[in-house]
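Engineer: Once you've had a glance at the structure underneath, I'll fire off some questions.
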Amino acid sequence: MDAERRQAELIEQFSAQAAALSSAPQLAALVLEATSHPALFAFSELLTLPALSKLTGTQYASSLDLLRLFAYGTLKDYKSNSCTLPALLPDQVRKLKQLSVLTLAESTKVLPYDKLMQELDVSNVRELEDFLINECMYSGIVRGKLDQLRRCFEVQFAAGRDLTPGQLNNMIETLSDWLGTSDGLLHQIQEKIKWADATSEVNKKHQKEFEDRVEEAKKSI
Amino acid sequence: DNSLLRQVSSLVRRLPAMESEKFQDEFL
Amino acid sequence: EEQVVVIREKLAELYESEQQWSKAAQMLSGIDLDSGIRMLDDTNKLSKCVQIARLYLEDDDAVNAEAFINKASFLVTNSNQEVLNLQYRVCYARILDLKRKFLEAAVRYYGISQIEQRQIGDEEIDENALEQALSAAVTCTILAGAGPQRSRVLATLYKDERCSKLKIYPILQKVYLERILRKPEIDAFAEELKPHQKALLPDKSTVLDRAMIEHNLLSATRSTYFCSFDELGTLLGIDPRKAEKIASRMICEDRMRGSIDQVEAVIHFEDDSEGLQQWDQQIAGLCQAVNDILDSMSSKGI
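Protein chains in written order, with the numbering used here: chain A, 39 to 259; chain D, 1044 to 1071; chain Y, 17 to 318.
What follows is the structure in structure tokens.
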């Protein structure tokens, strides 16, 4: 929540800057700044700005493609298309790696070291762990624990990335399933409460009947 | 609202609450 | 006796002017404050005790200073001399600091930094002095042994807005957030320390080393379940066997949760009930996230 709030201010700042810029080189420079900023991990607001459409058809069109990559893609996607995209600065590489971790965390909560090393282009476990601790956990985009025994990273929380059109339906489905399961569980609990109350009443009645008969028996003796 | 969507996306990714092997053993 | 007292006081003044603090203190400590012939009131006695303690502290002599501050502590409760009371508090904090009772010193320094008056008697309270007291509180807290008591003091300091303006705020932030401290940061912090805060301990490590190693060990528990002694040694910059020793001491003293498998040479940073507890925490986090989203929605009129 805090990360999202911090980002909201940055997004507003960059959007205002973009609106004030008129030339393609200036907009390309803004894209470079946004994709290098250490605290910005969301780019869909910038992508939808009318001002950025000025980049289309110019020699800076690849900056728009780069922004799209940072919004939805991973380091692997960059490497497959690097010939058509601008070269990345170290800050941009770091950010793309961070975004790649967020994408990986979308599909599974237990990320094996081998997969992470492959996706993040990291050659050893030490480097991977340092990256996950310093660049992901300490920057607040991810919370989790490293399990060196099982060689995996257990994700407890991961910040949300920009949504691709296909993801919205999945999200709605997951939320609907969750709602359905929760409703079902609450209903079951209600039924159990009713059953417990009814059983308790029956037991009380039985106990009273038994005590009455004991009293009767005592009197007759 | 992209910001809200990202927050919801993050929330949805948190389900189920725990998934590790160790937890499964304890849960069982 | 009166004449001897006058001579002693004059000599002490001379020694003080030549910055021979301990000699000045020794001169004054020869005055019999409880003499039957000269009747000194409690305020005068308190004043003398505090003055002697302050002089010893100029030479970092905590042992002798403490003797006089202990005498002063019987007198200070009935004193309404605000300046003297403040001087007493400062001496007490410095003595605790010198004796390496860092957490207690931190609490006292912090109390001093919170003084609201800018004039006490004839003395003006300088903002710089208060800032120094606050900085001393932060330094002592960082040097104190890692554990729940220190965490409470850290939280108090971190949430105090004034600390964000201090030069050592970045390290306070990292310590509070339980993040691993790297060598350049530790070296930068070491430059701000006084000699006794970098003193050698019986095991040949320094006060600073021990504090940093313990902190980094606790930080490691936040991000990993499990660490080999070799890995731990590399992380902490020490011999793996030393890392094991420090970890075992912290576990025995209940300042860290975990267990050590000496056969496999690994440390497990958790106990067996961690999974279910974590599940509870995750569920709580989920519910909080839902609340946050609902709040965001309502703030946007949705």
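Built from N, CA and C at the ideal position, the CB exists for glycine as well.
With distances taken Cα to Cα, identify the nearest neighbour of V99(Y) among A83(Y), D76(Y), Q135(Y), A162(Y).
Structural biologist: Among A83(Y), D76(Y), Q135(Y), A162(Y), the Cα nearest to that of V99(Y) is on Q135(Y).
Engineer: With L150(Y) and Y174(Y) assumed to form a contact (beta carbons below 8 Å), what rounded beta-carbon distance in angstroms separates them?
Structural biologist: 12 Å between Cβ atoms; not a contact.
Engineer: How many angstroms separate the CA atom of R24(Y) from the CA atom of V92(Y)?
Structural biologist: 24 Å
Engineer: Candidates R273(Y), Y185(Y), K115(Y): which alpha carbon is nearest F205(Y)'s?
Structural biologist: Cα-wise, what sits closest to F205(Y) is Y185(Y).
Engineer: Does at least one heavy atom of the ligand MN sit under 7 Å from the Cβ of S1046(D)?
Structural biologist: The model depicted lacks the ligand MN and carries no ligand whatsoever.
Engineer: What residues of chain D sit near Q304(Y), judged by a beta carbon separation below 9 Å?
Structural biologist: In chain order: nothing, as chain D lies at least about 10 Å away.
Engineer: Who are the neighbours of E192(A) on chain D, taking C-beta pairs under 7 Å?
Structural biologist: S1063
Engineer: Compare the C-beta of S312(Y) with all C-beta atoms of chain D and state if any pair is closer than 8 Å.
Structural biologist: yes
Engineer: Which residues in chain A sit within 9 Å of A93(Y), going by Cβ to Cβ distance?
Structural biologist: The sequence given here has Thr at residue 93(Y), not Ala. Those do not exist, as T93(Y) stays about 46 Å from chain A at its closest Cβ, beyond 9 Å.
Engineer: Tell me which residue opens and which closes the alpha helix (DSSP H) that E25(Y) is part of.
Structural biologist: Note, E25(Y): alpha helix (DSSP H), 18 to 33.
Engineer: Determine, using beta carbons only, whether G291(Y) comes closer than 8 Å to chain A.
Structural biologist: no
Engineer: Could you tell me whether the segment 210 to 229 of chain A touches the segment 257 to 276 of chain Y, using the rule of 3 or more Cβ pairs below 8 Å?
Structural biologist: no
Engineer: If you draw a straight line from the C-alpha of Q298(Y) to the C-alpha of P1059(D), how long is it?
Structural biologist: 9 Å
Engineer: Starting from the N-terminal side, write out each stretch of the alpha helix (DSSP H) that is 4 residues or longer and does not extend beyond the segment 105 to 166 of chain A.
Structural biologist: 113 to 118, 128 to 145, 151 to 157
Engineer: Closest to Q36(Y) by CA distance: which of R273(Y), I68(Y), R195(Y) is it?
Structural biologist: I68(Y)
Engineer: Could you have a look at F191(A) and say whether DSSP puts it in helix, strand or coil?
Structural biologist: Three-state DSSP puts F191(A) in a strand.
Engineer: For chain A, find out if any of its Cβ atoms is closer than 8 Å to the Cβ of L1058(D); answer yes or no.
Structural biologist: yes
Engineer: Short of 9 Å Cβ to Cβ, which residues in the segment 239 to 271 of chain Y face chain A?
Structural biologist: S239, T240, Y241, F242, C243, S244, E247, T250
Engineer: Quick one: does I309(Y) have its CB under 8 Å from some CB of chain D?
Structural biologist: yes
Engineer: Does DSSP put Q130(Y) in a helix, a strand or coil?
Structural biologist: coil
Engineer: Would L1071(D) pass as an interface residue toward chain A - the criterion being a Cβ-Cβ separation below 8 Å?
Structural biologist: Chain A has no Cβ within less than 8 Å of the Cβ of L1071(D).
Engineer: Under 7 Å Cβ to Cβ from I254(Y), same chain only, skipping five residues before and after it: list those, please.
Structural biologist: I229
Engineer: With DSSP collapsed to three states, give me the class of Q186(A).
Structural biologist: DSSP places Q186(A) in coil when its eight states are reduced to three.
Engineer: Beta-carbon separation of A197(A) and F79(A) under 8 Å?
Structural biologist: yes
Engineer: For the segment 71 to 105 of chain A, list every residue whose C-beta sits within 7 Å of some C-beta in chain D, in sequence order.
Structural biologist: A80, S82, E83
Engineer: Between I187(Y) and chain A, is any beta-carbon pair separated by less than 8 Å?
Structural biologist: no
Engineer: Please report the distance separating the alpha-carbon of E34(Y) from that of T155(Y).
Structural biologist: 31 Å
Engineer: Compute the beta-carbon to beta-carbon distance between E167(A) and Q136(A), rounded to the nearest angstrom, for a pair I have assumed lies under 8 Å.
Structural biologist: So it is not a contact: roughly 15 Å between Cβ atoms.
Engineer: State yes or no: is the C-beta of A62(A) within less than 8 Å of the C-beta of L93(A)?
Structural biologist: yes
Engineer: Pair every Cβ in the segment 239 to 252 of chain A with every Cβ in the segment 102 to 115 of chain A, then say whether three or more of these pairs are closer than 8 Å.
Structural biologist: no
Engineer: Counting along the chain, where does the beta strand (DSSP E) carrying I283(Y) start and finish?
Structural biologist: 282 to 284 is the extent of the beta strand (DSSP E) around I283(Y).
Engineer: What's the call for D232(A), buried or exposed, on a 16-neighbour Cβ count within 10 Å?
Structural biologist: Contrary to the premise, residue 232(A) reads as Lys rather than Asp in this sequence. That one is exposed.
Engineer: Could you please give the first and the last residue of the uninterrupted beta strand (DSSP E) stretch that includes F242(Y)?
Structural biologist: Per DSSP, F242(Y) belongs to the beta strand (DSSP E) from 242 to 244.
Engineer: Could you spell out the range, first to last residue, of the beta strand (DSSP E) harbouring I259(A)?
Structural biologist: Per DSSP, I259(A) lies in no beta strand (DSSP E) segment and is marked neither H nor E.
Engineer: Do you know how far the Cα of P164(Y) is from the Cα of R271(Y)?
Structural biologist: 7 Å
Engineer: Could you tell me whether the Cβ atoms of F52(A) and L65(A) are closer together than 8 Å?
Structural biologist: Their beta carbons are not under 8 Å apart, which means F52(A) does not touch L65(A) by this criterion.
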